[in-house]
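Residue numbers (the working numbering): 21 to 97. Backbone N, C-alpha and C fix where the C-beta goes; we use that ideal spot for every residue, glycine too. Nothing here was measured: the structure is a model prediction, and the numbers come from that model. Step one of this worksheet: look at the structure below.
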């Protein structure tokens with residue numbers, strides 16, 4: 021979650037950490053949350069992840085809309 025690439029991997033797979041070291045780590049940026057310049061349509065501004073999130077500790081699922089993106093990382097470990 022501490023690099024753009026790590027967040028994209030963790031949020032996309034549901035893993036608790038990225039699977040490999042990142043050679044050239046990037047800070048959080050627009051691409052972290054949005055799939056900018058993927059389709060060159062308004063869909064590029066959609067959030068990368070908006071599905072409900074299952075918490076790692078208790079296994080409970082939360083659905084707080086756009087905040088689902090944030091709780092992929094901002095949760096107890």
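- Each of 33, 37, 32 was checked against the Cα of residue 22, and the nearest Cα belongs to 37.
- Around the Cβ of residue 31, a 10 Å sphere holds 16 or more other Cβ atoms; the residue is buried.
- Going by DSSP, residue 27 is part of the alpha helix (DSSP H) stretching over 24 to 33.
- The region 58 to 71 makes no contact with the region 38 to 46: fewer than 3 CB pairs, one atom from each, lie closer than 8 Å.
- Under the 10 Å beta carbon count, residue 84 is surrounded by fewer than 16 other beta carbons and is classified as exposed.
- Straight-line spacing of the CA atoms in residue 96 and residue 76 works out to 7 Å.
- Just so you know, the alpha carbons of residue 46 and residue 25 end up roughly 7 Å apart.
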